[in-house]
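In the numbering used here, the protein residues as written are 30 to 164. Even glycine gets a Cβ: it sits at the ideal position worked out from N, Cα and C.
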Amino acid sequence: MTPKLTIFYDSYCPLCINEMQHLAKLDKNNTLAFADIHAENFTQIYPSINIEEANLILHAECDDGDGNTYFLYGLDVTHKAWKIVGRGYLIAPLRWPIIRFFADKVYLWFARNRYQISYWLTGKKPCESNQCKLK
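Dropping the structure here:
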């Protein structure tokens with residue numbers, strides 16, 4: 030089965046790695062795929078993804094089941110991924126109309142500061158040289 034959602038994640042971010050590992054563990058139907066934007070061959074495999082943009086905001090490619098694909102960004106990726114693994118209700122309030130506006134602003138701030146926030150929350154500095162590979 031082709032994955033429904035391919036998430037282009039930042040393997041240098043400890044929090045990002047933790048979330049991807051958690052999603053992978055919950056993905057019993059193998060409908061999620063994970064692509065490290067820092068992988069050596071990333072641009073050859075995904076030439077349509079701009080690494081600099083994907084490093085600023087989470088990107089994902091979604092398959093609608095009819096062979097059509099479209100892209101999602103930011104918290105829309107997060108919501109779709111958690112919905113696929115049966116936990117979308119945890120993120121759903123962040124997509125409600127009024128909350129969405131503010132949640133997206135906070136997400137963009139988080140994305141810009143994710144290495145420092147990861148350090149505050151986990152005590153881990155940004156990963157380098159494949160030290161934090163997705164398991």
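Item	Value
Best match in V114, A132, F131, S147 for proximity to H51 [C-alpha to C-alpha]	V114
The stretch 116-135 in contact with the stretch 62-81 per 3-pair CB rule at 8 Å	no
R141 versus L85 - alpha carbon distance	7 Å
Status (buried if at least 16 other CB within 10 Å, exposed otherwise) for G103	buried
Whole-number beta carbon distance between K153 and P43, since they are thought to touch under 8 Å	4 Å
Backbone CA spacing between P126 and E82 [nearest angstrom]	25 Å
Where the beta strand (DSSP E) through T98 begins and ends	98-102
Proximity below 8 Å, CB of L34 to CB of C91	yes
Whether A53 touches P32 by CB criterion (8 Å)	no
Coil, strand or helix - D93 by DSSP	coil
Nonlocal neighbours in the same chain, by C-beta distance under 6 Å from D56, ignoring five residues either side	V114
Residue(s) in a DSSP beta bridge with D65	Y38
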